[in-house]
Structure formats: structure tokens, C-alpha cells
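Trainee:
2 protein chains.
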Amino acid sequence: MTKEDKIGLNYLRMRNIRKNQNGIKARPLTSQRQLLLDLIKRAGGHINAKGLYNRAVRKNKSISLATIYRNLRLFKELGLIEERRLGEIYCSYEMKESPGHQHLVCKGCGRVIEFDSPLLRKLVDELQHDHGFNLTKVELYMEGYCRECAEEASDIV
Amino acid sequence: MTKEDKIGLNYLRMRNIRKNQNGIKARPLTSQRQLLLDLIKRAGGHINAKGLYNRAVRKNKSISLATIYRNLRLFKELGLIEERRLGEIYCSYEMKESPGHQHLVCKGCGRVIEFDSPLLRKLVDELQHDHGFNLTKVELYMEGYCRECAEEASDIV
DNA sequence: TTAGATGCAAATCATTTGCAATGAA
DNA sequence: TTCATTGCAAATGATTTGCATCTAA
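Residue numbers (the numbering used here), protein chains in the order written: chain A, 1436 to 1592; chain B, 1436 to 1592.
Rendered as C-alpha cells:
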């Protein structure tokens, strides 16, 4: 077990304790959960249920899709991971530790560019003030065509 | 048939002609399509497939869900409507004519606030330059708790 | 020991599709 | 007339759930 793994597990335990104080029951730390957290972390972002399952079965032949879904939901509830919908269907998960970043998707080649912008933070502050909202999630999703794909398309039209 | 309806129909026809020039086949204008466009327009935004179906059956008892889905897809392809995913499940449609606006969803009461911000436009321009992207869609989605719900929650914790 | 997790299979929900009948142009 | 659309029912794909068994604490 690497140092990275341990951080993941401790983080889960810590969260459990916190949640327990609020009346939520303790959650045992199973080998499946360790595996899944590890895989999500290694993926570094943008992994979905089926992809996670495909990687998980390599390490644990008998793991089931139901377990993937149950744990993705649990991790989300515990605040360990973040769920995103990119494009129209693709639903992916990533560890929450990563700093807020936004997505730019090319409809031509499917490339996903992550970026961060100070302007967006300014905008968030503005909204928190204007509407008195306590924001927990900010997602800026943009799609279009990257330079290369835009040029290709112009040949066709 | 009201003036509003006619505008919708002409818009569809116009789009069809345009598309035809690009090699896409002509699409007949059925009563179901007229009804659906009318309902989407009346809804003014944030209507999903099932909701649309529920309203449609009142006017046309035999209309089927398959027709709703098929036409939502068609309208989307023709660029008549815009698809959005609000929150984790809710998928809604609205007429494309409405100016670009973004969504702020309260996880407490479910309220959806639409807003527009000049800062966001600035950000978009910035990205178009920096990445050479030709953007076709910009969606800023934010969720959290509105003032009232945030106050309620603070009583519990 | 025991509450909660797991694997499996069946169930559910949203969306799509095949096909014969219908309708718009 | 003719090709696309429609309604229906069946198919699909993603996610959830019931249940008997297993396992972390």
C-alpha cells in the first residue's frame, strides 16, 4: 500500500467520523471500497461507472457493477468525489481534492480541455453577494470545435 | 392559430430549407410537431420529455412518448431548441430564441434562478482567443443553498 | 457478534427502435 | 403517390433494489 493509498483511506475514515456526529451511520472500509477509491484517484478525473468497473474487474474478478454504483453514490454523499455530466450523456467522477476546474469539450474530436479562470471566481463572488447564495458547486461547461476541427469542418461546408 | 404559432412554424420551415441545402432531407410538418413546438414555447424553458408528454396528451390523447423523444431530438438537431442538464438528473429543453442565460439551482428548495453576466461573456472571449476554440455552447451551472435554505440548514447543524 | 456490504439476478427508469399503418406534400 | 412520421410494443442501456451470503469492526 502506497502513501497515496493511505491518504485516501484516512480521508474516508475522517469523513465517516464527521458524518457520524451528524447522525449518519458508520461505514465499514471494504476491500472493494479501497480498490475503487484507488482507481478513481489514479484515473485523475473523468472516469465513469462502466470504465471504473472495467478497471476494477482486473483487480477483483468478482466485483459487481452494483457495487460500483452503490459506492459511487456513497462517495458522492460523503463528499469524496464529484459527479459531472460532460456533453449530453457522459457522466464522470473525479476526486474532490482537485482544485476547481472547468471543461471545454470539442464536439469534433471529443477532446476535453480543463481550465481555470480568475474571471470565473470573480463572477462567483458577485453572485454570492447579489443573490445571497451559498454556493457548493460551480460548473462551467463549454463545447464547440477546436482550431483543428473547425478548419476541417470549413472544408465540408 | 395565433401569430406566435405561425412564427414557430415558419421558423421550422426556414430551418428545413437551410438544412436541405446542406443535404438533409425535408421534414413534414405534422400536427404533433406543431403541438410540441407550441408547448415548448409556452413552457418558456425548463420542460423535460415527460412533462412535455403530460401536457401533450391533454391536447392529443393518442400521442406517444416515442414521438416526444423523436421530435425533441429533431428539434435539437435543427437548432430549434436547446438541451440542458440541470442538477444530476433533470434534463430540460427550451426554445433557442431566448438569450443565453445561466442557471443557479438551490439544493434546498429546488428553485432555479436564471441569470446573465457580462463577466461570463468576457470569459468566453478570453477562451476563444487563448484556445482557438469556436464555441457553440456555454453553460454555467451552479448549485448551493439560497439565503432562506442556508439559514434553515444552520439550525440543524 | 452484528450491522452493513457484497454479488447476483431481477426490477426500474429513461430513451430508442422495428414495424405496420397513417399522413403531409 | 411516396416517403417520412406515428403509435405501439418490444428492446436497450444505465442505474437501482431484494435477498441470501459474507465481512469489517
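Ideal Cβ positions, reconstructed from N, Cα and C, are used throughout, including at glycine.
All of these numbers come straight from a predicted model, not from anything done at the bench.
Can you tell me the Cα-Cα spacing of B/Lys1485 and B/Leu1500, whole angstroms?
Mentor: The residue you call residue 1485 of chain B lines up with position 50 of the second sequence. The residue you call residue 1500 of chain B lines up with position 65 of the second sequence. Looking at the two C-alpha atoms, the distance is approximately 8 Å.
Trainee: Applying the criterion that 16 or more other CB atoms from any shown protein chain within 10 Å of the CB defines a buried residue, is A/Cys1544 buried or exposed?
Mentor: To locate residue 1544 of chain A, count along the first sequence from 1; it is residue 109. That one is exposed.
Trainee: My understanding is that A/Glu1517 touches A/Tyr1528, with C-beta atoms under 8 Å, so please give their C-beta distance in whole angstroms.
Mentor: Along the first sequence, one-based indexing puts residue 1517 of chain A at 82. Along the first sequence, one-based indexing puts residue 1528 of chain A at 93. With 8 Å as the limit, A/Glu1517 and A/Tyr1528 qualify as a contact, their Cβ atoms being about 7 Å apart.
Trainee: Taking 8 Å as the CB-CB limit, is A/Asn1506 close to chain B?
Mentor: As a position in the first sequence, residue 1506 of chain A is number 71, starting the count at 1. Not an interface residue.
Trainee: Is it right to say A/Tyr1580 is buried, meaning 16 or more other beta carbons lie within 10 angstroms of its own, or is it exposed?
Mentor: In the first sequence, residue 1580 of chain A corresponds to position 145, counting from 1. With 16 or more Cβ atoms within 10 Å of its Cβ, A/Tyr1580 is classed as buried.
Trainee: Is the Cβ of B/Ser1552 closer than 8 Å to any Cβ of chain A?
Mentor: In the second sequence, residue 1552 of chain B corresponds to position 117, counting from 1. Yes, its Cβ sits closer than 8 Å to a Cβ of chain A.
Trainee: Just the C-alpha distance for A/Asn1506 and A/Gly1479, rounded to the nearest angstrom, thanks.
Mentor: Numbered from its first residue, the first sequence carries residue 1506 of chain A at position 71. Numbered from its first residue, the first sequence carries residue 1479 of chain A at position 44. So the two alpha carbons sit approximately 18 Å from each other.
Trainee: Look at A/Leu1464 and B/Met1577 and say whether their C-beta atoms are less than 8 Å apart.
Mentor: Working through the first sequence from its first residue, we reach residue 1464 of chain A at position 29. Working through the second sequence from its first residue, we reach residue 1577 of chain B at position 142. No, Cβ-Cβ distance for A/Leu1464 and B/Met1577 is not below 8 Å.
Trainee: Can you give me, in chain order, the residues of the region 1557-1569 of chain B that have a beta carbon less than 9 Å from any beta carbon in chain A?
Mentor: If the cut-off is 9 Å between Cβ atoms, the region 1557-1569 of chain B has Lys1557, Leu1558, Val1559, Glu1561, Leu1562, Gln1563, Asp1565, His1566, Gly1567, Phe1568, Asn1569 near chain A.
Trainee: Would a C-beta distance cut-off of 8 Å place B/Asp1551 and B/His1536 closer than the cut-off?
Mentor: Stepping through the second sequence from its first residue, residue 1551 of chain B is reached at position 116. Stepping through the second sequence from its first residue, residue 1536 of chain B is reached at position 101. Yes.
Trainee: Take A/Ser1466 and list the residues in its own chain whose beta-carbon comes closer than 8 Å to its own, dropping the five residues that flank it on each side.
Mentor: Your numbering for residue 1466 of chain A matches position 31 in the first sequence. Taken in chain order, the residues that qualify are Asn1495.
Trainee: Could you pull out every residue in the same chain whose Cβ sits closer than 7 Å to the Cβ of A/Asn1457, ignoring the five residues on either side in sequence?
Mentor: Numbered from 1 along the first sequence, position 22 holds the residue referred to as residue 1457 of chain A. Low per-residue confidence applies at A/Asn1457: pLDDT is 44, beneath 50, and the placement is therefore not dependable, though the value from the model is reported in the following sentence. Cβ within range, chain order: n/a, list empty.
Trainee: Answer yes or no: do A/Ile1503 and A/Tyr1488 have a C-beta to C-beta separation smaller than 8 Å?
Mentor: Position 68 of the first sequence holds residue 1503 of chain A. Position 53 of the first sequence holds residue 1488 of chain A. Taking 8 Å as the Cβ cut-off, A/Ile1503 and A/Tyr1488 qualify as a contacting pair.
Trainee: State the beta-bridge partners of A/Phe1550 as determined by DSSP.
Mentor: By one-based count along the first sequence, residue 1550 of chain A stands at place 115. DSSP, once it has assigned bridges, lists A/Gln1537 as partnering A/Phe1550.
Trainee: With burial defined as no fewer than 16 other Cβ atoms inside 10 Å of the residue's Cβ, what is the status of A/Asp1565: buried or exposed?
Mentor: Here residue 1565 of chain A is taken as the residue at index 130 of the first sequence, counted from 1. Exposed.
Trainee: Alpha carbon to alpha carbon, how far is A/Leu1575 from A/Cys1584? Give it in angstroms, no decimals.
Mentor: Position 149 of the first sequence, counted from the start, is the residue given in the question as residue 1584 of chain A. Position 140 of the first sequence, counted from the start, is the residue given in the question as residue 1575 of chain A. Using only the alpha carbons, I get a separation of about 22 Å.
Trainee: At 8 Å on the CB atoms, spell out the chain A contacts of B/Gly1382, in chain order.
Mentor: Because chain B spans 1436 through 1592 in this model, residue 1382 of chain B falls outside it and cannot be assessed.
Trainee: Report buried or exposed for B/Arg1468, applying the criterion of at least 16 other Cβ atoms within 10 angstroms of its Cβ.
Mentor: Against the second sequence, residue 1468 of chain B aligns to sequence position 33. Classification of B/Arg1468: buried, given that the 10 Å Cβ count is 16 or more.
Trainee: Which residues, taken in chain order from the region 1537-1552 of chain B, show a beta carbon closer than 8 Å to some beta carbon of chain A?
Mentor: Answer set for the region 1537-1552 of chain B: Leu1539, Cys1541, Lys1542, Ile1548, Phe1550, Ser1552.
Trainee: Under 8 Å between C-beta atoms, does A/Tyr1611 make it to chain B?
Mentor: A question about residue 1611 of chain A goes unanswered here, because the residues of chain A that appear run from 1436 up to 1592.
Trainee: So with CB distances below 9 Å, who are the chain A contacts of B/Gly1579?
Mentor: If you number the second sequence from 1, residue 1579 of chain B lands on position 144. Going along chain A in sequence order, the residues near B/Gly1579 (Cβ under 9 Å) are Gln1563, Phe1568, Asn1569, Leu1570, Thr1571, Lys1572, Val1573.
Trainee: So which residues on chain B does A/Leu1555 lean against when the C-beta distance must stay under 7 Å?
Mentor: Taking the first sequence and counting its residues from 1, one reaches residue 1555 of chain A at position 120. Within 7 Å Cβ-Cβ: Leu1558.
Trainee: Around the Cβ of A/Arg1582, are there at least 16 other Cβ atoms within 10 angstroms (buried) or fewer (exposed)?
Mentor: As a first step, residue 1582 of chain A must be located in the first sequence, where it is residue number 147. Under this definition A/Arg1582 is an exposed residue.
Trainee: Are the CB atoms of A/Cys1526 and A/Asn1483 nearer to each other than 8 Å?
Mentor: The residue labelled residue 1526 of chain A in the question sits at position 91 within the first sequence. The residue labelled residue 1483 of chain A in the question sits at position 48 within the first sequence. Yes, they are a contact pair.
Trainee: Between the alpha carbons of B/Leu1470 and B/Gly1514, how many angstroms are there, rounded?
Mentor: Position 35 of the second sequence, counted from the start, is the residue given in the question as residue 1470 of chain B. Position 79 of the second sequence, counted from the start, is the residue given in the question as residue 1514 of chain B. One C-alpha to the other measures close to 18 Å.
Trainee: Given that A/Arg1582 touches chain B, what residues does it touch there, using C-beta distances under 9 Å?
Mentor: Translated into positions along the first sequence, residue 1582 of chain A becomes position 147. Within 9 Å Cβ-Cβ: His1566, Gly1567, Phe1568, Asn1569.
Trainee: Under the DSSP definition of a beta bridge, which residues are partnered with A/Val1559?
Mentor: Position 124 of the first sequence, counted from the start, is the residue given in the question as residue 1559 of chain A. Its beta-bridge partners do not exist; DSSP assigns none.
Trainee: Can you tell me whether A/Arg1519 is buried or exposed? The criterion is at least 16 other CB atoms within 10 Å of its CB, across all chains shown.
Mentor: Indexing the first sequence from 1 puts residue 1519 of chain A at position 84. A/Arg1519 comes out buried.
Trainee: What are the partner residues of B/Lys1542, as DSSP defines its beta bridges?
Mentor: Indexing the second sequence from 1 puts residue 1542 of chain B at position 107. BP columns for B/Lys1542 are empty, so no partner.
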